[in-house]
Amino acid sequence: MRDFPPQCRIRPIGFGLAIVLMMSAIACDSNAIAADAPSARGSVYLVGMGPGDRELVTLKAARVLKEADHVFCFGYLEQEVARFVPVGKITVASPFLMGRFRGQCFEDLPPQYRERARKSVEAASKFLPKVRELVAGGNSVAFAAAGDPTLYCPWSWIVEDLIDLDPTVVPGLSSFNAANAALRQSLTKRGGSVLLSAGNDLGTPDEHGRLKMMLVLFTHSKKLDELLPQLQSRYPADTPIAIVGEAGYRQQRTIFATLETISKELESKTVPKLHLLYVGDGLTLPTVTEAVPARP
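Each residue of the sequence shown is one higher than the one before, counting from 170 in the working numbering.
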């Protein structure tokens with residue numbers, strides 16, 4: 170017969186009290202068994218790390234990353250994640266897990282993208298069970314994303330695929346916010362409307378052919394040399410335009426021009442791979458059209 174812990178043993182001090190102590194012993198034994206059971210289910214976080222500057226990472230994002238048992242990120246973000254997380258806790262995910270093709274039917278994609286989409290599905294089918302296993306074992310799992318995880322985030326599909334695990338989204342400062350600060354002006358002062366686009370929606374001219382709203386293009390999927398001719402054919406030549414490169418990083422640069430003069434401005438300047446494009450009559454051009462100094 171299993172012996173009870175000393176504090177749960179029954180002593181001959183009366184039948185009624187003995188019964189009470191017997192019930193306490195059962196509770197003690199149950200607690201001991203519960204202590205031996207597997208730990209409770211872990212947690213899932215999608216964490217926005219801001220636009221690049223360590224000082225622009227929120228306190229909550231930094232805390233969640235530091236406390237996480239496992240952090241997944243893509244290769245381009247590894248060094249930034251390592252500011253907050255020991256290297257042993259970081260796993261660089263396959264680029265095929267970037268969410269561009271998640272949830273799309275192969276037949277709806279252009280032929281050149283279908284093979285990439287198939288590899289994406291295959292990678293996710295192997296990756297998700299591993300994540301579920303970690304969470305089932307009581308681990309805290311974080312997915313680190315640049316900027317804000319609700320704006321063009323390659324991990325956004327995680328929330329849908331793991332919705333049964335009740336993932337928490339930790340908001341972050343977007344490169345959009347950092348680029349707005351670089352412009353040093355209000356985007357809503359004139360037109361009041363802002364359209365964020367990945368390049369497929371280029372806005373709608375008003376009855377005078379003008380772009381009264383502010384069009385902000387995240388150019389990670391559309392190239393600048395593809396967008397400029399489309400914009401130049403769509404809007405008047407004097408439409409203001411600005412390019413903010415590497416917003417939030419110390420090397421950020423801002424170029425102001427018009428649709429007519431932007432090509433000439435770019436002849437002597439190199440546009441960083443990471444940049445946002447602002448177009449519209451709501452944008453105020455500085456008196457002298459030159460690159461704004463880098464962020465201090």
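Note that the Cβ used here is the ideal one computed from N, Cα and C, for glycine as well. In this text the structure is predicted, and so the values were computed from the model without any measurement.
Assigned with DSSP and collapsed to three states, Gly268 falls in helix. Exposure of Gly361 is indicated by the presence of fewer than 16 other C-beta atoms within 10 angstroms of its C-beta. Take Ser402, set aside five residues on each side of it, and no residue of its chain has a beta-carbon closer than 7 Å to its own.
The DSSP-derived three-state label of Ser325 is coil.
Straight across, the Cα-Cα distance linking Leu380 with Ile431 is about 17 Å.
Between Pro323 and Phe243 a beta carbon distance of about 6 Å is seen, short of the 8 Å cut, so the two are scored as contacting. For Gly217 against Val339, the beta-carbon gap comes to about 6 Å, under 8 Å, which counts as contact. Here DSSP, grouped into helix, strand and coil, assigns Ser212 to strand. In the DSSP assignment, Phe345 falls within the alpha helix (DSSP H) that extends over Ser344 to Leu352. In the three-state reduction of the DSSP assignment, Gly257 falls in the helix class, which pools H, G and I. If you check the CB distance, Leu342 and Tyr447 do not come in under 9 Å. Annotation for Ala305: Arg210 place their beta carbon closer than 7 Å to its own, counting only its chain and skipping 5 residues before and after.
The alpha carbon of Ile259 has as its nearest neighbour, out of Ala230, Leu454 and Phe312, the alpha carbon of Phe312.
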